[in-house]
Every structure is written in structure tokens, then in C-alpha cells.
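The numbering used here runs 60 ahead of the 1-based position in the sequence shown.
No residue lacks a Cβ here, since even glycine has one placed at the ideal position from N, Cα and C.
Notes to accompany the following structure.
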Amino acid sequence: MPRIERTAHVGWEGNLARGAGTIDASTGAFARLPYSLPSRVGEPGGKTSPEELLAAAHGGCLTMSLAGELTAAGTPPGHLNVACTIVMDEVEGQGHQIVGSRVEIEARVDGIDDTALQAAVATADESCPFSALLRRAGAYVEISARLG
């Protein structure tokens, strides 16, 4: 696989407490996603946060990895429904840190049982660059998967 580089552009106006910003993808896939401190630590109010974007990135990467593993095994998925939750918490002496990622997978796949699904999930997790990144940073990655 070739080297991959992707860029997001971020703008911010004002101070931390009352300011706000927007995030744009250089590809044009999304534009002017609003975010702010209140959307990060409180009710989102239709705005995003860096943690939500990381959850989307980890969930998307793991989903693609799992689809690849299932397809390689001759059992391509009919549908994968994945929810990823990034957890940020206070770490003593370090402030707020990303401490974990919880991923829940519901898979509709003809021709496999739960044992085969769990094996494919484990291999997909090992192949997922975002799972590796999080673990190298000291965060936990918890994955639960079930056939649905």
C-alpha cells in the first residue's frame, strides 16, 4: 500500500471558553463542521468534537479491516453496523487524556458462526492502524462483536 496522507483544515475564532471553530476536509468530503468547548465537554448541540472525529476514524478503519478479513475468508459481510466510542478522562498528573476506545459490532454475514466472527474481528483489530495507534499511546481498545 502506498504512503497515505490526508489533511484537515481547522479554523478557530475567540478564546477557549466562548470561541468556536470549524473543521474542513481537504477532499471536500465535509466542510465547516462546527465545534467548540461546550460541544466537546457538554451537550453537542449539533456540533462535533475531536473525540467524535477520532471515533469515526477508528470505527471506519476497523470496519474496513473487518470487511477485508471476512471477504478474504470467503464470507463477505452483508452488513456491518459499528459504533465506536472514544473515552477521554482525567489522568492524574497528565490532565485530560484519551484513555480508550470501545467498539461494538453487529455483523450480518452468511456462512459463519460466532467463533469465525470473533477470529476475523481479532485479526481485523491487529491490522487496524487506529487500534495500533491507540494502544501505543496507552489507551485500551475494547471490541465486542455479535452476529445479527
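*My understanding is that Leu-122 touches Ser-191, with C-beta atoms under 8 Å, so please give their C-beta distance in whole angstroms.*
Within the sequence shown, the letter at position 62 stands for residue 122. Within the sequence shown, the letter at position 131 stands for residue 191. Confirmed, Cβ separation roughly 6 Å.
*Per DSSP, the bridge partner or partners of Ser-161*: Against the sequence shown, residue 161 aligns to sequence position 101. Its beta-bridge partners are Ile-146, Val-201.
*Apart from the five residues on each side of it in sequence, which residues of its chain come closer than 7 Å, Cβ to Cβ, to Leu-97?*
Against the sequence shown, residue 97 aligns to sequence position 37. Answer for Leu-97: Leu-76, Ala-77, listed in chain order.
*Rounded to a whole number of angstroms, what is the C-alpha to C-alpha distance between Val-183 and Cys-144?*
The residue you call residue 183 lines up with position 123 of the sequence shown. The residue you call residue 144 lines up with position 84 of the sequence shown. Sequence inspection shows Thr at residue 183; the Val mentioned does not correspond to that position. Each residue's alpha carbon lies about 18 Å from the other.
_Which residues DSSP lists as bridging Thr-108, in chain order_ = Within the sequence shown, numbered from 1, the residue matching residue 108 stands at position 48. Answer by DSSP bridge pairing, in chain order: Tyr-95.
_Restricting to Cα atoms, I'd like to know which of Leu-207, Ser-204, Asp-185, Pro-62 is closest to Met-124._
What you label residue 124 is simply residue 64 of the sequence shown in a count that begins at 1. Checking every option, the nearest Cα to that of Met-124 belongs to Asp-185.
_C-alpha distance - Gly-155 paired with Gly-105, whole-angstrom precision_ = Here the question's residue 155 lines up with position 95 in the sequence shown. Here the question's residue 105 lines up with position 45 in the sequence shown. The alpha-carbon atoms of Gly-155 and Gly-105 are separated by roughly 25 Å.
*Taking the alpha carbon of Met-61 as the point to measure from, which residue in Leu-193, Pro-189, Gly-208 has its own alpha carbon closest?*
The count along the sequence shown starts at 1 and reaches residue 61 at position 1. Minimum Cα distance to Met-61 is reached at Pro-189.
*Quick one: grab the DSSP three-state call for Val-169.*
In the sequence shown, residue 169 corresponds to position 109, counting from 1. Correct three-state label for Val-169: coil.
*Cβ pair count under 8 Å reaching 3, the stretch 198-205 against the stretch 153-167*: The stretch 198-205 is in contact with the stretch 153-167.
*Can you tell me whether Ser-103 is buried or exposed, with buried defined as 16 or more other CB within 10 angstroms of its CB?*
As a position in the sequence shown, residue 103 is number 43, starting the count at 1. Note that residue 103 is Glu in the sequence shown, not Ser. Burial call: exposed.
*Please classify Ile-64: is it buried, with 16 or more other beta-carbons within 10 angstroms of its beta-carbon, or exposed?*
Counted from its first residue, the sequence shown places residue 64 at position 4. Label assigned to Ile-64: exposed.
*Under a Cβ-count criterion, where at least 16 other Cβ atoms within 10 Å of its own Cβ denotes burial, should Leu-177 be classed as buried or exposed?*
Residue 177 sits at position 117 when you count from the first residue of the sequence shown. Per the 10 Å Cβ criterion, buried.
*Out of Glu-166, Ala-133, Asp-84, which has the shortest C-alpha to C-alpha gap to Ser-109?*
In the sequence shown, counting from the first residue as 1, residue 109 sits at position 49. Selected option, being the one with the closest Cα: Asp-84.
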